[in-house]
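**Student:** I have a structure here, written as structure tokens, and I will follow up with some questions on it.
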């Protein structure tokens, strides 16, 4: 089946609510996703990973939509990545049966939820300390089903993860000794621009594991900014990218995507034109977020000379329009390209879908707010 | 009735869901509101405004809870302030019948919603251009009930608003000429630290209005950072503050509140301790937001030597703990004081309430996500 037909089949099974036909008539602020662009992004990336012989495990934290997770899998992804248990539960409910949860599961309540999930779907998790492994092992034993655990490695991002390749081996051995869990491999979220360093860490860890008689069946890396670089992927068997489905202003600034590859914009209405070059939008930090991602401003409007949302308050966006660009009038709907698309999805109950240049309806953002 | 009994009565009528008894047992991340602190904040501010003879019209965008809006009114607030129509609708549903919507209502869909609201409750709105007034007038005529319109004045914040006192008078005259609307007064959201400049603008506008035969029955100012200063309020008849009910790290940094006056914290669990001084929390920008408010870091943990959340990704908070403070262990729940409490409320479906040091349950955040 062609990618377009796969999308049409999934849309046919989706609960679309009517939202008018024209973007100009939408109630704003609201995120709008151009499905033609998103589909092209998905196909291009799946083809790229297929060519490299690397499995695709897209991160659904970007869109939080069952529809798009199903689309990613139907187009060839091995499974999905989730960041929180709440996302995993929502996606399991929607039939996504192969998931990697790249977050330490800690505490009795969350381990009980993991146990319930492990009984329903194939869910792998991560750990970076013996204490986390012990909790997972107990959950696995009590689920009556071994839980696959990947060792999270800190290859330079300074977030979670064991600090050295030797520590990765030691934790893998600890996982291997416990009943209720099996060692599944290595996971890292590398800092952008550290592919060589990450590769060295992972290769050394794999070698240590072999010496200890263990195999890293999965070596999972991720990150959107460097996704198109083939450097330093020798040890990597699986890639987790999230933002690529929509792209955003930060990825355009880094050269990872072009403006025409950006599928998500926030439709916003001009509510005031207090001075000649200033237009106030009805979308502030509660619609665009305050994520700067190293950029100036909180978003831009490509259709108006790339005018920048130079300031936000909670419900106002301050748009500065250059002298040579047309300033949108009060009542006009503009489309803001946000700095970072992922947290925008998380702010809205529903998202509007566009196909063939026309609004086709809105869908619920299934995993919105599932941060627990 | 004492303030405590008013709160108890409202709690008795609220739909509380069980959430355990101890903060350490909560599913995290989740915002926790200490009602004893919030109540003291409300009483102190109401007393202060009563002493000044200024009406209290608290902004509910901070908490988005019907319960707390009702509490504010029961304690003496004249009515409430809302920033978006969606908030107004939710609060009207909860019986809040005196509202000021401090946002230009623009476009056919939103004007139809305003018309429906104007039939149900006493709602005043703002305008800063003749085009906005025309839409409001049509809505008022079609509602069969005049809508009170305040002229929004830009007294230095550079957001919405007419630019001069003369322009305020001219727009007031335009409102006065239209059927369907009545001129209700002036509204400004002054930039922090510009009380004198704001006072000069408002006084001049009031004088111009008098000369034109119009009275500014309401002169509404707002803002939390300067709220305790009595300077420059001579023309002001009503004050809109929002953050004061909870307070936050930014107001502590500005000296507006003390840490012990902060009612909202985000309960977060330590999920990793990858290095001795680094603790990774399960609360990132999707729980704390990326609002910096001029501060360093995204929040702090007062109980651990004021340790700072020095970095966030979407679901991780990077907590740096000083050498002389105890580093919380994996599995421990800490309470993060966010930089800015208002957008935090907007990220969660439910919020946990604490009273007398005990968790008493959770309530739905009624107007969460109502940015349209």
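Chains as they are written, first to last, in the numbering used here: chain A, 1 to 372; chain B, 1001 to 1372.
For glycine and all other residues, C-beta sits at the position ideal for the given N, C-alpha and C.
Source: prediction; values computed, not measured.
(1) Residues in the same chain with beta-carbon distance under 7 Å from residue 1370/B, minus the five sequence neighbours each way, listed in chain order, please.
(2) Starting from residue 176/A, trace the alpha helix (DSSP H) in both directions and tell me its first and last residue.
(3) So, using beta-carbon positions, are residue 1078/B and residue 1119/B closer together than 8 Å?
(4) Using only CA atoms, which one of 117/A, 243/A, 170/A and 242/A lies nearest to residue 105/A?
(5) Going along chain B, which residues have a C-beta under 8 Å from residue 347/A?
(6) Rounding to the nearest angstrom, what Cα-Cα distance links residue 101/A and residue 1096/B in this structure?
(7) Mind listing, in chain order, the continuous alpha helix (DSSP H) runs of no fewer than 4 residues lying wholly within the segment 1181–1214 of chain B?
(8) Any idea if residue 53/A is buried or exposed, counting beta-carbon neighbours within 10 angstroms, 16 or more meaning buried?
(9) 8 Å is my cut-off, CB to CB: does residue 1243/B come that close to chain A?
(10) May I ask you to report which of helix, strand or coil DSSP gives residue 357/A?
(11) Closest to residue 341/A by C-alpha separation, out of 265/A, 366/A and 272/A, would be which residue?
(12) To the nearest angstrom, how far is the alpha carbon of residue 258/A from that of residue 1219/B?
(13) Does the beta-carbon of residue 1216/B have 16 or more other beta-carbons within 10 angstroms, so that it is buried, or is it exposed?
(14) From the DSSP output, in three-state form, read off residue 1099/B for me.
(15) For a quick check, are the C-beta atoms of residue 1245/B and residue 1263/B less than 8 Å apart?
(16) Return the chain-ordered list of same chain residues with a C-beta closer than 6 Å to the C-beta of residue 11/A, the five sequence neighbours on each side being excluded.
(17) Tell me which residue opens and which closes the alpha helix (DSSP H) that residue 12/A is part of.
(18) Output the boundary residues of the alpha helix (DSSP H) element that contains residue 1299/B.
(19) What are the start and end residues of the alpha helix (DSSP H) that includes residue 1136/B?
(20) Any beta carbon from chain B within less than 8 Å of residue 64/A's own beta carbon?
(21) How many Å lie between residue 1261/B and residue 1008/B at the Cα?
(22) For the candidate residues 1103/B, 1247/B and 1336/B, whose alpha-carbon lies nearest to that of residue 1303/B?
(23) Which chain B residues sit within Cβ distance under 7 Å of residue 280/A?
(24) Checking contacts by CB at 8 Å: is residue 58/A closer than that to chain B?
(25) Which of the residues in the segment 1019–1053 of chain B, read from start to end, lie with their CB under 8 Å from any CB of chain A?
(26) Hey, would you say residue 67/A sits closer than 8 Å to residue 354/A, going by beta carbons?
(27) Need the endpoints of the beta strand (DSSP E) that residue 1147/B sits in, please.
(28) Starting from residue 83/A, find everything on chain B with Cβ-Cβ shorter than 8 Å and list it in chain order.
(29) In terms of alpha-carbon separation, which member of 61/A, 2/A and 4/A lies closest to residue 1284/B?
(30) Going by DSSP in three states, residue 59/A sits in which element: helix, strand or coil?
(31) Does the distance from the C-beta atom of residue 344/A to that of residue 31/A stay below 8 Å?
(32) Is there a C-beta anywhere in chain A that falls below 8 Å from the one on residue 1106/B?
(33) Helix or strand or just coil, what does DSSP make of residue 340/A?
(34) Is the distance from the Cβ of residue 1305/B to the Cβ of residue 1330/B below 8 Å?
(35) How would you list, in chain order, the residues of chain B whose beta-carbon sits under 7 Å from the beta-carbon of residue 109/A?
(36) By the criterion of Cβ-Cβ separation under 9 Å, what are the contact partners of residue 198/A in chain B?
**Tutor:** With the given structure in hand:
(1) Cβ neighbours of residue 1370/B beyond the five flanking positions: 1084, 1086, 1087 and 1090.
(2) 165–177
(3) no
(4) 117/A
(5) 1346, 1347, 1369 and 1371
(6) Going by the C-alpha atoms only, they are around 43 Å apart.
(7) 1195–1211
(8) Exposed, because fewer than 16 other Cβ atoms sit within 10 Å of the Cβ of residue 53/A.
(9) no
(10) Coil.
(11) 265/A
(12) 48 Å
(13) buried
(14) strand
(15) yes
(16) none
(17) 3–12
(18) Premise fails: residue 1299/B lies in the beta strand (DSSP E), 1299–1301, not in any alpha helix (DSSP H).
(19) 1130–1143
(20) With 8 Å as the cut-off, residue 64/A does not count as an interface residue toward chain B.
(21) Approximately 20 Å between the Cα atoms of the pair.
(22) 1336/B
(23) What residue 280/A touches in chain B: 1159 and 1160.
(24) no
(25) 1025, 1027, 1028, 1029 and 1030
(26) Result no, Cβ atoms of residue 67/A and residue 354/A do not sit closer than 8 Å.
(27) Looking at the DSSP string, the run of the beta strand (DSSP E) that includes residue 1147/B is 1147–1153.
(28) 1314 and 1315
(29) 61/A
(30) strand
(31) yes
(32) yes
(33) coil
(34) In this structure, residue 1305/B sits away from residue 1330/B, with a CB-CB distance that is not shorter than 8 Å.
(35) Within chain B, the residues near residue 109/A are 1027.
(36) Listed along the chain, the chain B residues whose CB falls inside 9 Å of the CB of residue 198/A amount to none; the nearest CB is some 16 Å away.
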